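Chemist:
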Amino acid sequence: MSTELRVTLPGPEGSADARRALAVLDRFLTLLGRLEDATLKRPVSRDHTTWSFTDVRLGSLVTTLAPNRLASGATSVTIKEIAGTTVMGLATAQHQEGLPPGWTLQAARAGAELAQLLGLLVSDGMILELLENGKPQGPRVMVTRQAAENLAAAVKTRRHSIGSVIGRLDAISLHDRREAGLWHERTGERIAVTFDPSQMDEIRAALGKRVEIAGRLTRDAEDRPLSVKMRSLEVLQDAPVTDLIGLDPNLTGGRDPVDYLREIRGAS
């Protein structure tokens with residue numbers, strides 16, 4: 069079974085703007101790459117499946133794309149999932165704000181950049197179809213610049229909660245506001261830590277150490293912590309949590325030691 073994607077830029081015969089059409093296709097291929105990363109559950113990669121033209125029709129512009137060389141780890145099942153996630157995700161983004169199912173923030177940014185090139189009317193938009201063995205599967209999806217606005221809103225989504233994060237504290241900045249950085253133990257990403265003047269000495273004493281900081285957490289649409297307004301700080305033992313296994317092989321119940329400690333401490 070072959071999976072293809074048909075992209076149509078509608079308009080009267082001879083009206084297709086070549087530069088715009090190429091830019092739209094370039095952004096569309098970037099989106100496919102980001103969704104491939106999401107499907108394979110890997111960081112942003114340069115190793116993506118390449119897509120080739122199997123059909124090009126002029127007038128406005130109608131192109132059909134099929135996978136050519138598969139990326140490492142990708143299969144025909146992966147391609148089918150990516151194609152479906154692309155079509156349904158853009159259909160969702162056209163009508164509502166939020167992160168479409170199966171999309172990451174990187175994919176949402178790529179989708180917004182694609183849709184930003186489109187007009188606000190269907191006649192200036194893009195039509196997307198999923199094909200299986202040359203036959204349409206499911207509805208034709210109409211995409212306009214409205215999808216860009218909805219995806220941009222999803223990228224900017226922030227959620228707030230009370231909690232804590234564990235990691236290693238690094239340099240302090242005092243330019244616009246009092247802020248330190250915490251390298252998150254689970255993800256390796258930097259989290260901004262804001263604090264009051266009365267907490268300055270406590271922060272300085274903990275620089276370079278493994279700590280748990282509790283306070284008001286700000287998270288993105290994927291629930292990843294971005295910043296924490298510090299209420300309290302605790303310096304933790306510097307021994308890697310993986311040493312727990314050496315103490316008792318059954319201590320974590322088969323779970324990852326970091327996730328185990330997160331659960332019992334209630335930390336992110």
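Just so you know, we're using the working numbering here: the sequence shown kicks off at 69 and counts up by one. Glycine residues also receive a C-beta, built at the ideal position from the N, C-alpha and C atoms. On a predicted model such as this, the values are computed, not experimentally measured, just so you know.
Helix, strand or coil: how does DSSP classify residue 243 here?
Modeler: Position 175 of the sequence shown, counted from the start, is the residue given in the question as residue 243. If DSSP states are grouped into helix, strand and coil, residue 243 belongs with coil.
Chemist: Please name the residue, chosen from 111, 297 and 172, that lies closest to residue 231 on a Cα-to-Cα basis.
Modeler: Residue 231 sits at position 163 when you count from the first residue of the sequence shown. Cα-wise, what sits closest to residue 231 is 297.
Chemist: What is the DSSP secondary structure of residue 116, counted as helix, strand or coil?
Modeler: Numbered from its first residue, the sequence shown carries residue 116 at position 48. Coil at residue 116, not helix or strand.
Chemist: Using a Cβ distance threshold of 8 angstroms, determine whether the region 175-184 contacts the region 85-103, with at least three qualifying pairs required.
Modeler: In short, these stretches touch, since the Cβ pair count reaches three.
Chemist: Any idea if residue 164 is buried or exposed, counting beta-carbon neighbours within 10 angstroms, 16 or more meaning buried?
Modeler: By one-based count along the sequence shown, residue 164 stands at place 96. Looking at its Cβ environment, which holds fewer than 16 other Cβ atoms inside 10 Å, residue 164 is exposed.
Chemist: With distance defined between alpha-carbon atoms, name the residue in 226, 258 and 150 nearest to residue 289.
Modeler: As a first step, residue 289 must be located in the sequence shown, where it is residue number 221. Nearest option by C-alpha distance: 226.
Chemist: Is residue 266 helix, strand or coil by DSSP?
Modeler: Reading the sequence shown from its first residue, position 198 is the one you call residue 266. It is helical.
Chemist: Can we say the region 199-210 touches the region 152-168, given the rule of at least three CB pairs closer than 8 angstroms?
Modeler: Result yes; three or more Cβ-Cβ pairs closer than 8 angstroms.
Chemist: Which residues in the same chain have their Cβ closer than 8 angstroms to the Cβ of residue 71, if we skip the five residues on either side of it in sequence?
Modeler: Locating residue 71 in the sequence shown gives position 3, where the first residue counts as 1. Cβ within range, chain order: 134, 135, 144, 147, 148, 151, 198, 199 and 200.
Chemist: Who are residue 252's beta bridge partners in DSSP?
Modeler: The count along the sequence shown starts at 1 and reaches residue 252 at position 184. DSSP output for residue 252 lists 235 as bridge partner(s).
Chemist: Take residue 122 and list the residues in its own chain whose beta-carbon comes closer than 8 angstroms to its own, dropping the five residues that flank it on each side.
Modeler: The count along the sequence shown starts at 1 and reaches residue 122 at position 54. Cβ neighbours of residue 122 beyond the five flanking positions: 72, 132, 133 and 134.
Chemist: Applying the 10 Å Cβ sphere with the 16-neighbour rule, what's the burial state of residue 116?
Modeler: Sequence index remark: in the sequence shown, residue 116 carries index 48 (1-based). Classification of residue 116: buried, given that the 10 Å Cβ count is 16 or more.
Chemist: So if DSSP puts residue 135 in a beta bridge, which residue, or which two residues, is it bridged to?
Modeler: Taking the sequence shown and counting its residues from 1, the one referred to as residue 135 is at position 67. The partner list for residue 135 (beta bridge, DSSP) reads 119.
Chemist: Hey, quick one: how far does the beta strand (DSSP E) through residue 282 stretch, first residue to last?
Modeler: On the sequence shown, position 214 is the one that residue 282 refers to. From DSSP, the beta strand (DSSP E) with residue 282 extends over 278-287.
Chemist: In chain order, what residues of the same chain have a beta carbon less than 8 angstroms from the beta carbon of residue 345, not counting five sequence neighbours either side?
Modeler: No answer is possible for residue 345: the residues shown for the chain start at 69 and end at 336.
Chemist: For residue 203, does the three-state DSSP call read helix, strand or coil?
Modeler: Within the sequence shown, the letter at position 135 stands for residue 203. Note: residue 203 maps to strand in three-state DSSP.
Chemist: Alpha helix (DSSP H) containing residue 186: first to last residue?
Modeler: Numbered from its first residue, the sequence shown carries residue 186 at position 118. Run containing residue 186: none; DSSP gives neither H nor E here.
Chemist: Put residue 77 into one of helix, strand or coil per three-state DSSP.
Modeler: What you label residue 77 is simply residue 9 of the sequence shown in a count that begins at 1. In the structure shown, residue 77 sits in a strand (DSSP, three-state: E or B).
Chemist: For the candidate residues 194, 262 and 159, whose alpha-carbon lies nearest to that of residue 242?
Modeler: Against the sequence shown, residue 242 aligns to sequence position 174. Considering only alpha carbons, the answer is 262.
Chemist: Secondary structure at residue 311, three-state DSSP: helix, strand or coil?
Modeler: By 1-based counting over the sequence shown, the position of residue 311 is 243. Confidence is the limiting factor: at residue 311 the pLDDT is only 46, short of 50, which leaves the residue's position unreliable and the question unanswerable from this model.
Chemist: As a quick exercise: from 218, 238, 210 and 246, pick the residue whose alpha carbon is nearest that of residue 266.
Modeler: Residue numbering aside, residue 266 sits at position 198 when the sequence shown is read from its first letter. The option with the nearest alpha carbon to residue 266 is 246.
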